[in-house]
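Have a look at the structure below before the remarks.
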Amino acid sequence: MMHFKIIPENYVNKDAKCAQIALGCSRAAHQTALRGSIKLNPQIATLTPKVRAFVERSAALCEPEHVHVCDGSDAEASALLQLMQQQGTVKPLPKYENCWLTRTDPADVARVESRTFICSERERDVVPIARAGQKSALGNYITPADYDKAVTDRFPGCMRGRTMYVIPFSMGPVGSPLSKIGVEVTDSPYVVYSMRVMTRMGNKVLEALRKDENFVRCLHSVGRTSNPSTTGWHCDPPRTIILHRPTDNEIISYGSGYGGNSLLGKKCFALRLGSVLARREGWLAEHMLIVGITDPKGRKRYIAAAFPSACGKTNLAMMTPSLPGYKVECVGDDIAWMKFDKNGVLRAINPENGFFGVAPGTSEATNPIAMASVFRNTVFTNVAETSEGGVWWEGMGAAPENVVDWKGKPWNAAAGTPAAHPNSRFCTPAQQCPIIDEQWESAEGVPISAILFGGRRPQGVPLVVEARDWQHGVFMGATMRSEATAAAEHAGKVIMHDPFAMRPFFGYNFGEYLRHWLSMPQEGRTMPKIFHVNWFRKNEQGQFLWPGFGENSRVLEWVLRRCDGEECARDAPLGRVPAAGALRTDGLASLDLEQLFSTPRDFWMQEADCIEKYFKEEVGDDLPNEMWDELNKLRKNFQQS
Ligand code: OXD
Ligand code: MN
-10 MMHFKIIPEN YVNKDAKCAQ IALGCSRAAH QTALRGSIKL NPQIATLTPK
40 VRAFVERSAA LCEPEHVHVC DGSDAEASAL LQLMQQQGTV KPLPKYENCW
90 LTRTDPADVA RVESRTFICS ERERDVVPIA RAGQKSALGN YITPADYDKA
140 VTDRFPGCMR GRTMYVIPFS MGPVGSPLSK IGVEVTDSPY VVYSMRVMTR
190 MGNKVLEALR KDENFVRCLH SVGRTSNPST TGWHCDPPRT IILHRPTDNE
240 IISYGSGYGG NSLLGKKCFA LRLGSVLARR EGWLAEHMLI VGITDPKGRK
290 RYIAAAFPSA CGKTNLAMMT PSLPGYKVEC VGDDIAWMKF DKNGVLRAIN
340 PENGFFGVAP GTSEATNPIA MASVFRNTVF TNVAETSEGG VWWEGMGAAP
390 ENVVDWKGKP WNAAAGTPAA HPNSRFCTPA QQCPIIDEQW ESAEGVPISA
440 ILFGGRRPQG VPLVVEARDW QHGVFMGATM RSEATAAAEH AGKVIMHDPF
490 AMRPFFGYNF GEYLRHWLSM PQEGRTMPKI FHVNWFRKNE QGQFLWPGFG
540 ENSRVLEWVL RRCDGEECAR DAPLGRVPAA GALRTDGLAS LDLEQLFSTP
590 RDFWMQEADC IEKYFKEEVG DDLPNEMWDE LNKLRKNFQQ S
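Sequential numbering from -10 applies to the sequence shown in my numbering.
In structure tokens form, the structure reads like this:
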């Protein structure tokens, strides 16, 4: 048994024996938990009473051998790396500076949506009425009794022989009025190391907790495997579960060490709990990137954009614009917390501190900025390894010789299996992105001029459409659909409904979420314009009709001109589209603008039927009437066209 070096082994906190268990654990489990003593590091004494109580309860439940409160220091990060190397969870990538490779258990490679639940007293708090008692695509409900049982069935003694790390973390710059604090306890050093990249964590957060004791409690364990994998990666896939109890500000996750299942600040806190907090407090927690765009006149505007996973969010967030004189700077690539300020301006922060980006498809051609960001201080997970101690993935360029695949086996390209897992990731500090925006850590957030919704739609959906008004924009968000992604456990390329790109991330009833969005326009507020974009339309031969990537700056240019009130749009059945000649296409060869903007009537009548079915089957009486009004307008516009 390996002991984490920076914890004195003889440090025993007798107080831990008096700990009470309030994590849904039964009395019997409580008794078991009190066997033996737990070694706590001296920092525990510096915790605020609420944090300390949470840590002690968690320790009593999980029975770790040690408890270590993370300070976020470089020394701690080095000790973690040393430990993970000894355990075989990471290996160095000598080709780069401070880069590491992790291979997970092949059964633990993506978010597990089917095992992700939200708990509340009433099912309707979580799931729209139409799905009461059934499985819903818009939220998995769990009763308080089942929630407690899930915890008692899994957690007692689950950290025996391991260290429990306590990670105080801030989502958003420490001290910003838009930020929130969490404390994650976990038995995974990989999670601690990744949380250090993805959030602000350590002593400065403990300091902030002294001023405001409120925090979200996050309990995570990789669980106990009966069949430990050869990679040193612990997990318990058959019993994996991810639980949220918004009323108690609590997240509990068991059995997976991967990404959104275990880095609890990201999807669990910033989106699922975040959306509940946002509704309660009158703001928006969204699955959106944030970028700043400076035009040739030097005017800078910020936009937020929601795309489902694996639709090129990171690429757009780090775009190299092809239009001369334009500059794009990145505030965030995945999540936006947005609130109207006292002047009625919608302001956004990126609550994260790093990029947990999908590696495959990232290259000098598609995202040179990501390529310039990720080869320092990065943990790569499930990518392929080269013989020089570098990494490789599909879409990066020509495959070097002697590649070892993500499972650690020599890769044979001819066998047809991917070298890197399609959901393999880089976990990189945002600070090192060469185009990180100078305002990215601004406490008040950046002002948002436009909101984009989009998806991967090979057919029927035009390049860009502007919503006629806010309500129409909300309808655009509500009716978003996209091809399925490798970021979760779905198979195949089906077109899935993914409203607001939030389908797996709603913390409460989607009908109420829509009402919350509809309530945003208020006196004195300047509402951002809303647009729907689709970079992924194909022709009958299956080729993309739009070049995408840096050329998307042409669409952003039109969007910003519209934000300035320029008359460069015409009315179309779906909303406003660029007037003839308004979209800058100079220098783009063989563009079929007619196909790119065509809206075949049959396609849209069918789409309207799909939307109606979806609204009825998934939302029912919880759907705000405004959405039915918009659907009627959509049908009417096509009937008249
Ligand atoms: C992500 C996702 O990992 O959306 O960002 O799945
Ligand atoms: Mn995401």
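The beta carbon of each residue, even a glycine, is placed where N, CA and C say it ideally should be.
Given the structure is predicted, the values throughout are model-derived calculations rather than measurements.
Check your understanding: Is the distance from the Cβ of Phe464 to the Cβ of Glu615 below 9 Å?
Key -> Residue mapping note: residue 464 aligns to position 475 of the sequence shown, counting from 1. Residue mapping note: residue 615 aligns to position 626 of the sequence shown, counting from 1. Yes, Cβ-Cβ distance for Phe464 and Glu615 is below 9 Å.
Review point. Do you know how far the Cα of Ile338 is from the Cα of Val320?
Key: In the sequence shown, residue 320 corresponds to position 331, counting from 1. In the sequence shown, residue 338 corresponds to position 349, counting from 1. If you take the alpha carbons of Val320 and Ile338, they lie about 8 Å apart.
Review point. Shortest alpha-carbon distance to Gly271 belongs to which of Phe604, Leu507 and Pro285?
Key: For the purposes of this step, residue 271 is taken as the residue at position 282 of the sequence shown. Of Phe604, Leu507 and Pro285, the residue nearest in Cα terms is Leu507.
Practice item. Let me have the residue list for the ligand MN: C-beta closer than 6 Å to any non-hydrogen atom, ordered along the chain. Key: Checking every Cβ against the heavy atoms of the ligand MN under 6 Å gives His276, Ser298 and Asp323.
Practice item. Throw me the rounded Cβ distance for the Met308 and Val317 pair, which I believe falls under 8 Å. Key: Within the sequence shown, numbered from 1, the residue matching residue 308 stands at position 319. Within the sequence shown, numbered from 1, the residue matching residue 317 stands at position 328. With a Cβ gap of about 5 Å, Met308 and Val317 count as contacting.
Exercise for review: Let me know the secondary structure DSSP gives Arg635 once reduced to three states.
Suggested key: Missing from the structure shown is residue 635; the chain here goes from -10 to 630 and no further.
Review point. Within the present structure, is the beta-carbon of Trp249 separated from the nearest heavy atom of the ligand OXD by less than 8 Å?
Key: Looking up residue 249 in the sequence shown gives position 260. The displayed chain sequence assigns Gly, not Trp, to residue 249. Checking the 8 Å criterion, the Cβ of Gly249 is within range of a heavy atom belonging to the ligand OXD.
Check your understanding: Cβ of His461 within 9 Å of Cβ of Gly346?
Key -> Translated into positions along the sequence shown, residue 461 becomes position 472. Translated into positions along the sequence shown, residue 346 becomes position 357. 9 Å or more divides the Cβ of His461 from the Cβ of Gly346.
Review point. Hey, would you say the C-beta of Phe345 is under 8 Å away from at least one heavy atom of the ligand OXD?
Key: Start at 1 with the first residue of the sequence shown, and residue 345 comes out as number 356. Yes, the beta carbon of Phe345 sits closer than 8 Å to at least one heavy atom of the ligand OXD.
Point to revise | Proximity of Arg234 and Phe495 at Cβ, strictly below 9 Å | key: As a working mapping, residue 234 is identified with position 245 in the sequence shown. As a working mapping, residue 495 is identified with position 506 in the sequence shown. No, these two residues do not count as a Cβ contact at 9 Å.
Point to revise | Inter-residue Cα distance where the pair is Asp553 and Thr515 | key: On the sequence shown, residue 553 is found 564 positions in, with the first residue counted as 1. On the sequence shown, residue 515 is found 526 positions in, with the first residue counted as 1. In this structure, the straight-line span from the alpha carbon of Asp553 to that of Thr515 is close to 13 Å.
Point to revise | Residue from Ser413, Met360, Asn342 and Asn366 whose Cα sits closest to the Cα of Gly386 | key: Start at 1 with the first residue of the sequence shown, and residue 386 comes out as number 397. Measuring from the Cα of Gly386, the nearest candidate turns out to be Met360.
**Study point:** Spatial neighbours of Arg573 in its chain, beta-carbon cut-off 7 Å, leaving aside the 5 residues before and after
**Key:** Within the sequence shown, residue 573 is the residue found at index 584, counting from 1. Spatial neighbours of Arg573 in its own chain (CB-CB distance under 7 Å, excluding positions within 5 residues in sequence) are listed in chain order as Leu312, Arg543 and Glu546.
Review point. Of the residues Trp400, Trp593 and Cys300, which one's Cα is nearest the Cα of Ala373?
Key: Taking the first residue of the sequence shown as position 1, residue 373 is located at position 384. Of Trp400, Trp593 and Cys300, the residue nearest in Cα terms is Trp400.
Exercise for review: Jot down the residue ranges of each uninterrupted beta strand (DSSP E) in the stretch 252 to 305, minimum 3 residues, whole runs only, in chain order.
Suggested key: Correct list: 273 to 275, 277 to 283 and 289 to 295.
Check your understanding: Taking the runs of the alpha helix (DSSP H) that are 4 residues or longer, which of them lie wholly in the stretch 438 to 467?
Key -> The alpha helix (DSSP H) runs lying completely inside the stretch 438 to 467 and spanning 4 residues or more are 459 to 467, given in chain order.
Point to revise | Sequence-distant residues of its chain with Cβ nearer than 7 Å to Leu580 (five each side left out) | key: Here the question's residue 580 lines up with position 591 in the sequence shown. Excluding positions up to five away in sequence, the list reads Thr574.
Practice item. Using 10 angstroms around the beta-carbon of Gly221, count the other beta-carbons present and answer buried if the total reaches 16, otherwise exposed. Key: By one-based count along the sequence shown, residue 221 stands at place 232. In summary, Gly221 is buried, with 16 or more beta-carbon neighbours lying within 10 Å of its beta-carbon over all protein chains present.
Check your understanding: Would you say Lys200 touches the ligand OXD, meaning its beta carbon is less than 8 Å from a heavy atom?
Key -> For the purposes of this step, residue 200 is identified with residue 211 of the sequence shown, where counting begins at 1. Every heavy atom of the ligand OXD is 8 Å or more from the Cβ of Lys200, so no.
Check your understanding: Is Arg590 near the ligand OXD, going by C-beta to nearest heavy atom under 8 Å?
Key -> Within the sequence shown, the letter at position 601 stands for residue 590. Because no heavy atom of the ligand OXD lies under 8 Å away, the Cβ of Arg590 does not count as near it: no.
Practice item. Quick one: residues in its chain with C-beta nearer than 6 Å to the C-beta of Asp560, no 5 flanking neighbours on either side, listed in chain order? Key: Numbered from 1 along the sequence shown, position 571 holds the residue referred to as residue 560. There are no such residues.
Check your understanding: DSSP beta-bridge partners for Pro567?
Key -> Working through the sequence shown from its first residue, we reach residue 567 at position 578. Answer is Ala558, bridged to Pro567.
Point to revise | Start-to-end residues for the beta strand (DSSP E) that takes in Ala325 | key: Position 336 of the sequence shown, counted from the start, is the residue given in the question as residue 325. For Ala325, the uninterrupted beta strand (DSSP E) segment begins and ends at Ala325 to Phe329.
Check your understanding: Between Gly449 and Glu540, which are expected to be in contact by the criterion C-beta below 8 Å, what is the C-beta distance as a whole number of angstroms?
Key -> If you number the sequence shown from 1, residue 449 lands on position 460. If you number the sequence shown from 1, residue 540 lands on position 551. That pair is no contact at about 21 Å.
Practice item. Within its chain, find whatever has a CB closer than 8 Å to the CB of Ser438; leave out the 5 residues flanking it on each side and keep chain order. Key: Here the question's residue 438 lines up with position 449 in the sequence shown. Excluding residues within five positions, the ones whose Cβ falls inside 8 Å are Arg290, Tyr291, Ile292, Pro517, Lys518, Leu549 and Cys552.
Practice item. Decide if Ala569 is buried, meaning its Cβ has at least 16 other Cβ atoms within 10 Å, or exposed. Key: The count along the sequence shown starts at 1 and reaches residue 569 at position 580. Exposed.
Review point. DSSP state of Val392, grouped into three classes?
Key: Taking the first residue of the sequence shown as position 1, residue 392 is located at position 403. Val392: coil per DSSP, three-state reduction.
**Study point:** Spatial neighbours of Phe592 in its chain, beta-carbon cut-off 7 Å, leaving aside the 5 residues before and after
**Key:** On the sequence shown, residue 592 is found 603 positions in, with the first residue counted as 1. Excluding sequence neighbours, Phe592 sits near Gln448 and Gly449.
Exercise for review: Please state whether DSSP places Lys138 in a helix, a strand or coil.
Suggested key: As a working note, residue 138 is residue 149 in the sequence shown. Here Lys138 sits in helix by DSSP.
**Study point:** Span of the beta strand (DSSP E), counted from its first residue to its last, around Trp89
**Key:** As a first step, residue 89 must be located in the sequence shown, where it is residue number 100. Its beta strand (DSSP E) spans residues Trp89 to Thr91.
Check your understanding: If we count the other Cβ atoms within 10 Å of its Cβ and call it buried at 16 or more, is Glu239 buried or exposed?
Key -> The residue given as residue 239 occupies position 250 in the sequence shown. So Glu239 ends up on the buried side.
Check your understanding: Rounded C-beta distance between Leu70 and Tyr154? I'm assuming under 8 Å.
Key -> The count along the sequence shown starts at 1 and reaches residue 70 at position 81. The count along the sequence shown starts at 1 and reaches residue 154 at position 165. Not really, about 14 Å apart at Cβ, beyond 8 Å.
**Study point:** Given 8 Å, three or more beta-carbon pairs between the stretch 481 to 492 and the stretch 419 to 431
**Key:** These segments do not touch.
Check your understanding: So, using beta-carbon positions, are Phe369 and Leu82 closer together than 9 Å?
Key -> Locating residue 369 in the sequence shown gives position 380, counting from the first residue. Locating residue 82 in the sequence shown gives position 93, counting from the first residue. Closer than 9 Å, so yes.
Exercise for review: Grab me the residues of Tyr243's own chain with a C-beta within less than 6 Å of its C-beta, minus the 5 sequence neighbours each way, in chain order.
Suggested key: Position 254 of the sequence shown, counted from the first residue, corresponds to residue 243. Around Tyr243: Arg143, Ser210, Gly212 and Ile230.
Check your understanding: Going along the chain, which unbroken runs of the beta strand (DSSP E) with 3 or more residues stay wholly within the stretch 38 to 120?
Key -> Runs of the beta strand (DSSP E) inside the stretch 38 to 120: 55 to 58, 79 to 81, 89 to 91 and 105 to 108.
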